[in-house]
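Using my numbering, the letters of the sequence shown map in sequence onto residues 7 to 569. Comments concern the structure below.
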Amino acid sequence: MNSRILVVDDEESIRYTFEVFLSDEGHAVACAGSYSEALALVAETRFDLIYADIIMENGTGIDLLKAVRQIYPELPVIMITGMPRVETATDALRNGAMDYIVKPILQDDLVRSVRTALKRKELSDEKEKCRRNFEAIFRSVKDGIITIDGNLAVTEINQAACRICGIARAEVLDAPFPPRAGRCRGGCVEVLNEVFEQRKATKVRNIECRSNKETHQVVSLTAYPLLGRDEKFSGAVLVVRDQTRMVSLERKLRDKNALVGHSEEMCKVQCMIDDLAGVNSTVLVSGETGTGKELVVEELHRRGSRCHKPLVKVNCAALSENLLESELFGHVAGAFTGAVKDKAGRFQRADGGTLFLDEIGEISGRIQLRLLRFLETMEFERVGDATTIRVDVRVVTATNQNLKQKVADGEFRKDLFYRLKIMEIILPPLRRRREDIPLLVDHFLDLFNRKFHKSIRDITTDARQLFNSYSWPGNVRELRNIIEHAVVRCHEEVIGMRHLPMEMMKLQKEIQPPQVQHTEDEALVIRHSLNQARWNKSKAAELMGISRRTIYRKMQKYRIPSS
7 MNSRILVVDD
17 EESIRYTFEV
27 FLSDEGHAVA
37 CAGSYSEALA
47 LVAETRFDLI
57 YADIIMENGT
67 GIDLLKAVRQ
77 IYPELPVIMI
87 TGMPRVETAT
97 DALRNGAMDY
107 IVKPILQDDL
117 VRSVRTALKR
127 KELSDEKEKC
137 RRNFEAIFRS
147 VKDGIITIDG
157 NLAVTEINQA
167 ACRICGIARA
177 EVLDAPFPPR
187 AGRCRGGCVE
197 VLNEVFEQRK
207 ATKVRNIECR
217 SNKETHQVVS
227 LTAYPLLGRD
237 EKFSGAVLVV
247 RDQTRMVSLE
257 RKLRDKNALV
267 GHSEEMCKVQ
277 CMIDDLAGVN
287 STVLVSGETG
297 TGKELVVEEL
307 HRRGSRCHKP
317 LVKVNCAALS
327 ENLLESELFG
337 HVAGAFTGAV
347 KDKAGRFQRA
357 DGGTLFLDEI
367 GEISGRIQLR
377 LLRFLETMEF
387 ERVGDATTIR
397 VDVRVVTATN
407 QNLKQKVADG
417 EFRKDLFYRL
427 KIMEIILPPL
437 RRRREDIPLL
447 VDHFLDLFNR
457 KFHKSIRDIT
467 TDARQLFNSY
477 SWPGNVRELR
487 NIIEHAVVRC
497 HEEVIGMRHL
507 PMEMMKLQKE
517 IQPPQVQHTE
527 DEALVIRHSL
537 NQARWNKSKA
547 AELMGISRRT
557 IYRKMQKYRI
567 PSS
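Put into structure tokens, the structure is as follows:
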């Protein structure tokens, strides 16, 4: 330990004694015989410790102590006294002396005094270093940080918090929270109250900050309890992160990409879309009802080279055979009763773009044959006309049925099946990608907040837990409808269980739905949907994403009774 020590005493023998004893301990010792000489040395050298006699000529040790305190507040000073009176010691300690030592000086006492003083200085220096480091971090982070004592008074606030909250530091320090100054409207009081009540960290994601800013500001809040000695609660620290730009970017991204989710299953779907968007191969999109097959088709079209041309959609299950043929291929005047003028079909209207055939498993054998011929030649004739028309169309189809089983049952052409299924995108049911549910909830909450001009910021923990455990027979479509229902009913800032449809609570007690796509018999799915809808055919059809007419036809096909 090589420390610089200053000894100030008007007696040369005392200075010499100190110098010998301290030098033996390896310290660098400087001596001064007067107040003025000591001040000169302090001005040019940074000492680690000062010993000063209380009584000297031309200024006392107390005067020197006060002067040193003005220059170096943390520099330890130990007073030397020949008359250890209580008043003298008290006066020295009151003015900032670390300790005092009594003449005559014994080497052991001096060595012990030095070691104690330097150890305390080392701890003080380390504490100061930590304080400065903390202060640098406190001032440099982009997140707003506000510390609050047990009486809800602001004890410290950094520049970022002042900027985010629109308040001035001088106006809020030691003032009650929330501050009345500036633009702050105290939207974060709730999270602080929770910390004060529960004594544990609390986090709130993405709430709209109620300030007077012209632009909507979105912040996330995290509050932590401050604990003193013996884990005693002494206040809280509030971290405010400005999420406005991030939320805006996420919103733009969601607007561009309607497929929300970062699960492994959805990442595979996104990769498939990227791979297939730029080619013209036919694509079959498979998945249970409500999984977002139409959104996949829209993404395939949007990301590809045909994005500036039409995307034409046809629901094959909604039209009879003759109407579907006319819709797809068009007709000429007089082709059938009611055909009073020529009509271009969907293939012709989609020229250069994409034709989406939804519910492809519902088309009849005659339409299957005509579609197969078109896919092989890209040519067709309108109903009632022999003129061949050639178009450039990419065909994408979708189904919630097991087409392979329909081929085996003789209900779907094998050659058409393989022509449609050159590439296949299989959408997972929501119950197989539960990690996406929080993202989807936030997405739909944001969507319906904007639609209905509301400011609902979150849903309760028990509602989220229900969402995570629910079987979701209607998949993403059902989740979307439930969030819309809840947003309409909720007139508060947080959606709770009471805002959810009663049917969801009842259906949650039912059994998990069977795995539909490519695994279970379609009749089992229909029976399950009917059971969940309490044999209401319209509701069951809605759950399955098919028409009422289709579910009646399927019930007849599988000999399912009406009740």
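For glycine and all other residues, C-beta sits at the position ideal for the given N, C-alpha and C.
When we look at the beta-carbon of residue i and count the other beta-carbons within 10 Å, is it buried (16 or more) or exposed?
{"i": "Phe454", "result": "buried"}
{"i": "Pro435", "result": "buried"}
{"i": "Ile20", "result": "buried"}
{"i": "Lys238", "result": "exposed"}
{"i": "Gly234", "result": "exposed"}
{"i": "Gln518", "result": "Confidence is the limiting factor: at Gln518 the pLDDT is only 42, short of 50, which leaves the residue's position unreliable, though a coordinate-based value still follows. Counting Cβ neighbours within 10 Å, Gln518 comes out exposed, since fewer than 16 surround it."}
{"i": "Leu282", "result": "buried"}
{"i": "Cys168", "result": "buried"}
{"i": "Ser326", "result": "exposed"}
{"i": "Thr383", "result": "exposed"}
{"i": "Ser569", "result": "exposed"}
{"i": "Ser287", "result": "exposed"}
{"i": "Ala469", "result": "buried"}
{"i": "Ile143", "result": "exposed"}
{"i": "Pro520", "result": "With a pLDDT of 42 at Pro520, under the threshold of 50, the modelled position of that residue is not reliable, and no figure is offered here."}
{"i": "Pro479", "result": "buried"}
{"i": "His524", "result": "Annotation note: pLDDT 36 at His524 (below 50); position unreliable, no value reported."}
{"i": "Glu18", "result": "exposed"}
{"i": "His534", "result": "buried"}
{"i": "Gly296", "result": "buried"}
{"i": "Glu304", "result": "buried"}
{"i": "Phe140", "result": "exposed"}
{"i": "Arg554", "result": "exposed"}
{"i": "Cys136", "result": "exposed"}
{"i": "Tyr41", "result": "buried"}
Restricting to Cα atoms, I'd like to know which of the options is closest to residue i.
{"i": "Asp97", "options": "Ile60, Ala73, Gln76", "result": "Ile60"}
{"i": "Val83", "options": "Tyr57, Lys460, Val303", "result": "Tyr57"}
{"i": "Glu50", "options": "Gly32, Phe27, Ile77", "result": "Ile77"}
{"i": "Val500", "options": "Glu196, Lys349, Lys148", "result": "Glu196"}
{"i": "Phe473", "options": "Lys560, Val338, Arg440, Val14", "result": "Arg440"}
{"i": "Ile152", "options": "Thr466, Ile143, Glu162, Arg145", "result": "Glu162"}
{"i": "Ala242", "options": "Gln249, Asn212, Lys206", "result": "Lys206"}
{"i": "Gly416", "options": "Leu330, Ile462, Ile443, Gly367", "result": "Gly367"}
{"i": "Leu55", "options": "Lys72, Met278, Leu124", "result": "Leu124"}
{"i": "Val285", "options": "Arg379, Ala529, Arg400, Val291", "result": "Arg400"}
{"i": "Phe458", "options": "Gln471, Tyr476, Ile489", "result": "Ile489"}
{"i": "Arg52", "options": "Tyr41, Asn64, Val74, Met62", "result": "Val74"}
{"i": "Met510", "options": "Ser254, Leu536, Leu485", "result": "Leu485"}
{"i": "Val253", "options": "Leu290, Val120, Arg372, Val224", "result": "Val224"}
{"i": "Leu375", "options": "Arg419, Leu198, Glu200", "result": "Arg419"}
{"i": "Ser620", "options": "Leu232, Val210, Ser240, Ala46", "result": "Any property of residue 620 remains undetermined from this structure, which presents the chain solely from 7 to 569."}
Could you tell me the boundaries of the alpha helix (DSSP H) in which residue i lies?
{"i": "Glu333", "result": "327-335"}
{"i": "Asp452", "result": "443-458"}
{"i": "Asp391", "result": "Unbroken run through Asp391: none, as it is neither H nor E."}
{"i": "Arg425", "result": "420-426"}
{"i": "Lys299", "result": "299-309"}
{"i": "Ile557", "result": "554-563"}
{"i": "Leu317", "result": "Here Leu317 belongs to no alpha helix (DSSP H); instead the beta strand (DSSP E) covers 317-321."}
{"i": "Arg400", "result": "No alpha helix (DSSP H) contains Arg400, which is instead part of the beta strand (DSSP E) from 400-405."}
{"i": "Val413", "result": "409-414"}
May I ask you to check if the CB of residue i is nearer than 8 angstroms to at least one heavy atom of the ligand FMN?
{"i": "Val494", "result": "The ligand FMN is not among the ligands present in this structure, which contains no ligands whatsoever."}
Please report the residue range of the beta strand (DSSP E) in which residue i lies.
{"i": "Ile566", "result": "Neither: Ile566 is in no beta strand (DSSP E) and is coded neither H nor E."}
{"i": "Ala207", "result": "Segment: none, Ala207 is in no beta strand (DSSP E) and carries neither H nor E."}
{"i": "Val531", "result": "It is not in any beta strand (DSSP E) - Val531 instead sits in the alpha helix (DSSP H) that spans 528-538."}
{"i": "Val83", "result": "83-87"}
{"i": "Glu498", "result": "Per DSSP, Glu498 belongs to no beta strand (DSSP E) and is neither H nor E."}
{"i": "Glu430", "result": "429-432"}
Is residue i close to chain D, meaning its C-beta is less than 9 angstroms from at least one C-beta of that chain?
{"i": "Asn406", "result": "Absent from the structure: chain D. Only one protein chain is present."}
| query | Quick check: the region 384-392 against the region 426-434, are there 3 or more CB pairs under 8 angstroms? | reply | Counting C-beta pairs with one atom in each stretch, the region 384-392 and the region 426-434 have fewer than three that are closer than 8 angstroms, which means they do not touch.
| task | Any chance you could list the alpha helix (DSSP H) runs of at least 4 consecutive residues sitting entirely within the region 13-72, in chain order? | result | List check, alpha helix (DSSP H) in window: 18-30, 41-50.
| task | Run through the region 98-174 for me and flag every whole beta strand (DSSP E) of 3 or more residues, listed as ranges in chain order. | result | Taking only runs of at least 3 residues, the beta strand (DSSP E) segments lying wholly in the region 98-174 are 105-108, 150-155, 160-163.
| query | Counting Cβ pairs closer than 8 angstroms, one from the region 391-409 and one from the region 264-275, do we hit at least three? | reply | Judged by pairs of C-beta atoms under 8 angstroms, the region 391-409 does not touch the region 264-275, as fewer than three such pairs exist.
| request: Determine contact between the region 304-317 and the region 352-372, defined as no fewer than three beta-carbon pairs at a distance below 8 angstroms. | output: With contact defined as three or more Cβ pairs closer than 8 angstroms, the region 304-317 and the region 352-372 are in contact.
| request: Taking only runs that begin and end inside the region 456-489, name each unbroken alpha helix (DSSP H) of 4 or more residues, in chain order. | output: As far as the region 456-489 is concerned, its whole alpha helix (DSSP H) runs of at least 4 residues are 467-475.
| Complete alpha helix (DSSP H) runs within the region 351-379 (minimum length 4 residues, chain order) | Uninterrupted alpha helix (DSSP H) stretches at least 4 residues long and entirely within the region 351-379 occur at 352-355, given in chain order.
| request: Go through the region 229-288 residue by residue and report every complete run of the alpha helix (DSSP H) that reaches 4 residues or more, in order. | output: Fully contained in the region 229-288 are the following alpha helix (DSSP H) runs of length 4 or more, in chain order: 250-262, 270-283.
| Between the region 271-281 and the region 175-184, are three or more C-beta pairs nearer than 8 angstroms? | With the cut-off at 8 angstroms, the region 271-281 and the region 175-184 do not touch.
| request: Please determine if the region 27-47 and the region 7-16 are in contact, where contact requires at least 3 C-beta pairs separated by less than 8 angstroms. | output: The region 27-47 is in contact with the region 7-16.
| query | Between the region 60-72 and the region 100-118, are three or more C-beta pairs nearer than 8 angstroms? | reply | Enough Cβ pairs lie closer than 8 angstroms, so yes.
| message | Does the structure place the region 447-467 close enough to the region 484-496 that three or more beta carbon pairs sit under 8 angstroms? | response | Short answer: they touch.
| message | Quick check: the region 368-382 against the region 326-345, are at least 3 beta-carbon pairs closer than 8 angstroms? | response | Yes, they touch.
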